[in-house]
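Enquirer: Heads up: the sequence shown begins at 7 in my numbering, then just goes up one per residue. Where a beta carbon is used, it is the ideal one built from N, C-alpha and C, also for glycine. Just so you know, these numbers come straight off a predicted model, no measurement behind them.
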Amino acid sequence: MAKTDELMKKLFKHKEIFADLFNATLFNGKQIIKAEKLAELNTENIHVDESISSNVNPSILKRYRDLCMRQDDSVLQIILGCENQSEIDYSMPIRTMLYDALKYTEQQNNLELRKRKDGTYYHSKLRKDDKVLPVLTLIFYYGDKEWTAGKCIHDLIKWPEEPEIKSIVPNYKLNLLWAYQINNIDKYKSDLQYILSMLKYKEEEKSLKQYISDNNDKIQNMNQDSHNVAVALLNQNLPKLIDNQKGDFRMGENALQAIYDRGVNQGEVLHLIMQINKKILNNKNLDTIANELEEKKEDILPIYTIIKEHPDKSKEQIYAILKKES
Numbered sequence: 007m008a009k010t011d012e013l014m015k016k017l018f019k020h021k022e023i024f025a026d027l028f029n030a031t032l033f034n035g036k037q038i039i040k041a042e043k044l045a046e047l048n049t050e051n052i053h054v055d056e057s058i059s060s061n062v063n064p065s066i067l068k069r070y071r072d073l074c075m076r077q078d079d080s081v082l083q084i085i086l087g088c089e090n091q092s093e094i095d096y097s098m099p100i101r102t103m104l105y106d107a108l109k110y111t112e113q114q115n116n117l118e119l120r121k122r123k124d125g126t127y128y129h130s131k132l133r134k135d136d137k138v139l140p141v142l143t144l145i146f147y148y149g150d151k152e153w154t155a156g157k158c159i160h161d162l163i164k165w166p167e168e169p170e171i172k173s174i175v176p177n178y179k180l181n182l183l184w185a186y187q188i189n190n191i192d193k194y195k196s197d198l199q200y201i202l203s204m205l206k207y208k209e210e211e212k213s214l215k216q217y218i219s220d221n222n223d224k225i226q227n228m229n230q231d232s233h234n235v236a237v238a239l240l241n242q243n244l245p246k247l248i249d250n251q252k253g254d255f256r257m258g259e260n261a262l263q264a265i266y267d268r269g270v271n272q273g274e275v276l277h278l279i280m281q282i283n284k285k286i287l288n289n290k291n292l293d294t295i296a297n298e299l300e301e302k303k304e305d306i307l308p309i310y311t312i313i314k315e316h317p318d319k320s321k322e323q324i325y326a327i328l329k330k331e332s
């Protein structure tokens with residue numbers, strides 16, 4: 007499975023989920039951000055003045071956002087940034103402030119690049135009437151340890167004894183959401199509601215099973231990226247917890263179901279088929295293969311069985327049989 011941070015990024019590329027994250031977290035559920043009005047912005051290779059770029063880590067300039075969207079309509083114009091964070095980062099206030107500053111700098115650069123009537127461009131400094139859009143960043147922290155790092159620039163500063171200094175130094179505060187500590191989950195209207203609710207019961211298997219049972223249809227209808235994230239964050243095999251149409255718990259008897267429900271894509275299934283086939287050719291049995299691949303025996307049994315029944319089939323043909331039987 008892909009790294010969790012990549013799965014998170016794919017999840018928040020869904021505009022309805024991105025909008026829901028901001029509306030529920032920062033606007034108390036009020037529908038300020040409209041999914042249909044969002045446009046994804048490039049988060050790579052920002053161009054800034056040489057005097058600035060010479061003092062900034064090149065990796066930050068190359069890729070300085072996990073995800074950035076812009077809402078632009080007659081009611082609201084705003085740039086929204088989302089940072090997915092799996093670990094505590096004590097530099098987060100400085101890092102996020104820099105990201106926002108870079109986005110303002112990018113807007114400044116765009117405003118200062120002006121177009122003549124003949125179609126050519128020239129550079130001119132900001133004018134009195136030139137305005138930039140507000141930039142708002144939200145940190146989605148999904149680590150299971152409580153956030154102990156600073157939540158604003160003032161938390162990172164070594165203050166002198168004179169109290170007057172602190173009162174006049176500008177502060178910069180983080181908008182930080184910890185996925186494991188959310189009180190009003192009902193404010194979330196997208197798949198996020200079910201993901202966050204399952205996280206709430208992560209360490210309570212009985213409660214988790216009950217929640218999934220009560221919300222089975224809704225969870226089953228989550229998009230694939232939402233399910234991938236749920237599996238990654240829960241760190242357990244959801245097919246054993248989600249009821250199927252018969253009312254019992256799925257145990258992996260359906261050929262592709264257990265594999266897909268763990269969030270693997272077609273390429274990874276094909277790779278798994280290839281691995282199992284090689285081990286079968288080396289005369290290894292099911293128990294040995296499951297142990298060496300660190301997979302559950304019941305999950306790889308369908309692949310193992312089909313390969314044994316069709317030893318002449320390619321991995322693509324085995325995959326097609328799996329899909330047909332699922």
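(1) What residues in its chain sit with their C-beta under 7 Å from that of aspartate 11, if we drop five residues either side in the sequence?
(2) Going straight from the alpha carbon of tyrosine 217 to that of glutamate 118, what length do you get?
(3) Inspect the CB distances between the region 219–234 and the region 181–195 and report whether three or more fall short of 8 Å.
(4) Entirely within the region 127–200 and at least 4 residues each: give me those alpha helix (DSSP H) ranges in chain order.
(5) At a cut of 8 Å, does the region 68–88 reach the region 166–175 through at least three beta carbon pairs?
(6) Which residue wins for smallest C-alpha separation from threonine 49, given the options Asp72, Phe33, Glu301, Phe18?
(7) In three-state DSSP terms, what is lysine 285?
(8) For the candidate residues Ile163, Lys123, Met14, Lys109, whose alpha-carbon lies nearest to that of valine 138?
(9) Given this structure, state the Cα-to-Cα distance separating glutamate 22 from alanine 41, to the nearest angstrom.
(10) State the CB to CB distance for the pair threonine 111 and isoleucine 145, rounded to an integer number of angstroms; the pair is presumed to be in contact (CB under 8 Å).
(11) Whose CA, out of Leu278, Leu287, Pro317, lies closest to the CA of leucine 299?
(12) Indicate whether threonine 143 and aspartate 95 have their beta-carbon atoms separated by less than 7 Å.
(13) Which residue comes first and which comes last in the beta strand (DSSP E) that contains lysine 121?
(14) If you reduce the DSSP assignment to three classes, tell me which class glutamine 37 lands in.
(15) Could you compute how far the alpha carbon of histidine 129 sits from the alpha carbon of asparagine 115?
(16) Could you check which residue in Ile201, Asn229, Asp231, Ser213 has the C-alpha nearest to that of leucine 240?
(17) Tell me the DSSP secondary structure of isoleucine 84 in three-state form.
(18) If you run the structure through DSSP and keep just helix, strand and coil, what is asparagine 90?
(19) Tell me, to the nearest whole angstrom, how far the beta carbon of lysine 206 is from that of leucine 182; I am working on the premise that it is less than 8 Å.
(20) Starting from the Cα of serine 97, find the closest Cα among Tyr178, Lys330, Ala236 and give me that residue.
(21) Could you tell me if proline 99 is buried or exposed, where buried requires 16 or more neighbouring beta carbons within 10 angstroms of its beta carbon?
(22) Would leucine 13 and valine 235 be called neighbours here (beta carbons separated by less than 7 Å)?
(23) Buried or exposed: which applies to glycine 253, given that a residue is buried once 16 or more other Cβ atoms fall within 10 Å of its Cβ?
(24) Could you give the distance in angstroms between the alpha-carbon of leucine 214 and the alpha-carbon of isoleucine 188?
(25) For tryptophan 165, count the other beta carbons within 10 Å of its own beta carbon; 16 or more makes it buried, fewer makes it exposed. Which is it?
(26) How should tyrosine 147 be labelled, buried or exposed, when 16 other C-beta atoms within 10 angstroms of its C-beta is the threshold for buried?
(27) With a CB to CB cut of under 7 Å and the five nearest residues on each side skipped, what residues in its chain are close to isoleucine 36?
(28) How many angstroms separate the CA atom of asparagine 283 from the CA atom of tyrosine 310?
(29) Can you tell me where the beta strand (DSSP E) holding glutamate 298 begins and where it ends?
Expert: With the given structure in hand:
(1) Within the sequence shown, the letter at position 5 stands for residue 11. Within the same chain, aspartate 11 has close Cβ partners Asn90, Ser92.
(2) On the sequence shown, position 211 is the one that residue 217 refers to. On the sequence shown, position 112 is the one that residue 118 refers to. Rounded to the nearest whole angstrom, the CA to CA distance from tyrosine 217 to glutamate 118 is 54 Å.
(3) Verdict: no, contact absent.
(4) For the alpha helix (DSSP H) assignment, the uninterrupted runs of no fewer than 4 residues enclosed by the region 127–200 are, from N- to C-terminal side, 169–174.
(5) Too few Cβ pairs lie closer than 8 Å, so no.
(6) Reading the sequence shown from its first residue, position 43 is the one you call residue 49. Cα-wise, what sits closest to threonine 49 is Asp72.
(7) Taking the sequence shown and counting its residues from 1, one reaches residue 285 at position 279. In the structure shown, lysine 285 sits in a helix (DSSP, three-state: H, G or I).
(8) As a working mapping, residue 138 is identified with position 132 in the sequence shown. Looking at the Cα atoms, Lys109 is the closest of the given residues.
(9) The sequence position of residue 22 within the sequence shown is 16, counting from 1. The sequence position of residue 41 within the sequence shown is 35, counting from 1. For glutamate 22 and alanine 41, the distance between alpha carbons rounds to 5 Å.
(10) As a first step, residue 111 is located in the sequence shown; it is residue number 105 there, counting from the start. As a first step, residue 145 is located in the sequence shown; it is residue number 139 there, counting from the start. Cβ atoms of threonine 111 and isoleucine 145 stay farther apart than 8 Å, at about 21 Å.
(11) As a first step, residue 299 is located in the sequence shown; it is residue number 293 there, counting from the start. For leucine 299, the nearest C-alpha among the options comes from Leu278.
(12) Here the question's residue 143 lines up with position 137 in the sequence shown. Here the question's residue 95 lines up with position 89 in the sequence shown. Note that the C-beta distance between threonine 143 and aspartate 95 is not below 7 Å.
(13) Here residue 121 refers to the residue found at position 115 when the sequence shown is read from its first residue. Looking at the DSSP string, the run of the beta strand (DSSP E) that includes lysine 121 is 119–121.
(14) In the sequence shown, counting from the first residue as 1, residue 37 sits at position 31. Of the three classes helix, strand and coil, the one that applies to glutamine 37 here is coil, per DSSP.
(15) As a working mapping, residue 129 is identified with position 123 in the sequence shown. As a working mapping, residue 115 is identified with position 109 in the sequence shown. If you take the alpha carbons of histidine 129 and asparagine 115, they lie about 9 Å apart.
(16) The residue given as residue 240 occupies position 234 in the sequence shown. For leucine 240, the nearest C-alpha among the options comes from Ile201.
(17) Here the question's residue 84 lines up with position 78 in the sequence shown. Reduced to three states, the DSSP call for isoleucine 84 is strand.
(18) For the purposes of this step, residue 90 is taken as residue 84 along the sequence shown, with counting starting at 1. Here asparagine 90 sits in strand by DSSP.
(19) Counting from one through the sequence shown, the residue named residue 206 turns up at place 200. Counting from one through the sequence shown, the residue named residue 182 turns up at place 176. Between the beta-carbon of lysine 206 and that of leucine 182 there is about 18 Å, and that puts the pair past the 8 Å contact cut.
(20) Mapped onto the sequence shown, residue 97 falls at position 91. The option with the nearest alpha carbon to serine 97 is Tyr178.
(21) As a position in the sequence shown, residue 99 is number 93, starting the count at 1. Buried is the call here.
(22) Here residue 13 corresponds to residue number 7 of the sequence shown, with the count starting at 1. Here residue 235 corresponds to residue number 229 of the sequence shown, with the count starting at 1. Remark: C-beta atoms of leucine 13 and valine 235 approach each other more closely than 7 Å.
(23) Start at 1 with the first residue of the sequence shown, and residue 253 comes out as number 247. Model confidence at glycine 253 stands at a pLDDT of 34, short of 50, so the residue's coordinates are unreliable; what they give is reported in the following sentence. With fewer than 16 other Cβ atoms within 10 Å, it is exposed.
(24) Residue 214 sits at position 208 when you count from the first residue of the sequence shown. Residue 188 sits at position 182 when you count from the first residue of the sequence shown. In this structure, the CA atom of leucine 214 is about 16 Å from the CA atom of isoleucine 188.
(25) Position 159 of the sequence shown, counting from 1, holds the residue named residue 165. Exposed: under 16 other Cβ atoms inside 10 Å.
(26) One-based indexing of the sequence shown puts residue 147 at position 141. Answer is buried; the Cβ neighbour count reaches 16.
(27) If you number the sequence shown from 1, residue 36 lands on position 30. Residue 36 is actually lysine in this sequence, not isoleucine. Excluding five sequence positions before and after lysine 36, the CB atoms of its chain that fall closer than 7 Å to its own CB belong to Asn29, given in chain order.
(28) Within the sequence shown, residue 283 is the residue found at index 277, counting from 1. Within the sequence shown, residue 310 is the residue found at index 304, counting from 1. Going by the C-alpha atoms only, they are around 8 Å apart.
(29) Along the sequence shown, read from residue 1 onward, the residue named residue 298 stands at position 292. Glutamate 298 -> not in any beta strand (DSSP E); alpha helix (DSSP H) instead, spanning 292–299.
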